[in-house]
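All remarks here apply to the structure that follows.
In the numbering used here, the protein residues as written are 34 to 428.
Below is the structure:
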């Protein structure tokens, strides 16, 4: 009787711990924006910094200097790219975005007129009841879309409404990013050191699992967003569709939202082509459909195959709840948080269910200690495999 009771108590404490972390994140959500941005940038820059560090002359004699120089080189490259974007890319994007917002009511109205004309032309083939339903749906579509967008933006702004907190956080962002990249092993050691020697190995594994989930998710979504945005821009530009830059940016940003994001990102483009060039409607739909087909058949299996390990229905629920709690940030960050929580829960359930835990001899691979050696396809296993491959490559 004692063993089952101990296992139940462990599950209760684990669930309570996950709930406490969730409550803490919710209470501190207004101050987390700079750290979220810094974490995303760190995940992007970390492999590049590591690549530079390995090629620095004399890195074996002075490893700290090699890492610091690699970080500053990456900072210089990022600053140059940002300056180029601000000078070359930002002005036309801002101008086109302003025109798009000013024209949005007219675009929605013209799109409704175009569909109503099609409706009249096909009136003989479509029953009256269905035609009335289509007309009512079109009339309400613009109001619903604008209202939903405004609601999400209001909640997003509300989450990050502390102006002083945001200013201080953004000012400290470069310093935060520098220390995360420079002292990542020390940060892990510091977090793990607060645990007693027994649970310490589990703490390192949990950090490995969470880090793997977030790094895979962030890099996969950003790369998918960039590729989709570029492809949509090329397709719409070749078709001569107005606001091609804005529509491509919208498609790329919505790509950050799993499952439903790509389809939501196509709605503005369809509205614009209905309002401005209805004769191109079929070709624009074909562009979006072709991009999604390419993404789902080639890009997602290669880029995002191991980023999310939960059922799509759960992801949809998380997206809806996240939009209500934290606006856009909840939509973007909700899925990886839930996936990380699930993987941590699975890790502890499997470890507690096993009769024997065989820890490695305090291994350290790229600053991360790992325990899991079984192969069940979870994020913990993938994290261990990735770390072992990185160790072999570095040797």
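Heads up, the beta-carbon is just placed ideally off N, CA and C, and yes, glycines get one too.
Selection from the options that minimises the alpha carbon distance to residue i
i	options	result
residue 67	210, 53, 86 and 221	210
residue 218	367, 73, 275 and 83	83
residue 87	73, 323, 102 and 77	102
residue 329	271, 261 and 266	261
residue 65	366, 345, 313 and 93	366
residue 236	72, 381 and 271	381
residue 148	106, 136 and 303	303
residue 376	238, 346, 259 and 345	238
residue 244	313, 126, 76 and 379	76
residue 79	215, 379, 231 and 321	215
residue 248	270, 74, 97 and 49	74
7 Å Cβ shell around residue i - same chain, five flanking residues per side excluded
i	result
residue 430	Here the chain covers residues 34 to 428 and nothing more, so residue 430 does not appear.
residue 325	295
residue 305	140, 274, 275, 276 and 280
residue 410	Summary for residue 410: the model assigns pLDDT 44, below 50, so the residue's position carries little reliability; its value from the coordinates is reported in the next sentence. Counting only Cβ-Cβ distances below 7 Å, and skipping sequence neighbours, we find nothing.
residue 104	82, 211, 214 and 215
Other residues of its chain near residue i: CB distance less than 8 Å, five sequence neighbours each side excluded
i	result
residue 240	221, 224, 225 and 401
residue 394	Note that residue 394 scores a pLDDT of 35, beneath 50, so its modelled location is shaky; the value from the coordinates is reported in the next line. Closer than 8 Å at the Cβ level, and outside the excluded window around residue 394, lies no residue.
residue 229	none
residue 297	287 and 290
Own chain, CB closer than 6 Å to residue i, minus 5 neighbours either side, in chain order
i	result
residue 203	67
residue 264	324
residue 348	291, 292 and 368
residue 406	With a pLDDT of only 37 at residue 406, under the threshold of 50, the placement of this residue in the model should not be trusted; the figure read from the coordinates follows. So the list is empty, once near-sequence residues are dropped.
residue 316	272
residue 194	The predicted position of residue 194 is uncertain, since its pLDDT is 48 and thus under 50; no value can be drawn from it.
residue 351	367, 368 and 371
Boundaries of the alpha helix (DSSP H) in which residue i is found, first to last residue
i	result
residue 80	66-87
residue 222	217-225
residue 244	230-272
residue 331	Where residue 331 is concerned, there is no enclosing alpha helix (DSSP H), given that its DSSP letter is neither H nor E.
residue 287	277-287
residue 94	Taken as a continuous stretch (DSSP letters only), residue 94 belongs to no alpha helix (DSSP H), as it is neither H nor E.
residue 308	294-309
residue 120	Neither: residue 120 is in no alpha helix (DSSP H) and is coded neither H nor E.
residue 355	345-359
Cβ of residue i within 8 Å of any chain C Cβ
i	result
residue 261	The question asks about chain C, but that chain is absent: this structure has only one protein chain.
Exercise. Would the stretch 349-360 and the stretch 262-282 be scored as touching if the rule is three or more Cβ pairs under 8 Å?
Worked result: no
Exercise. Quick check: the stretch 292-310 against the stretch 131-145, are there 3 or more CB pairs under 8 Å?
Worked result: yes
For this session: Evaluate contact between the stretch 242-261 and the stretch 112-132, counting only Cβ atoms and requiring at least three cross-stretch pairs below 8 Å.
Result: no
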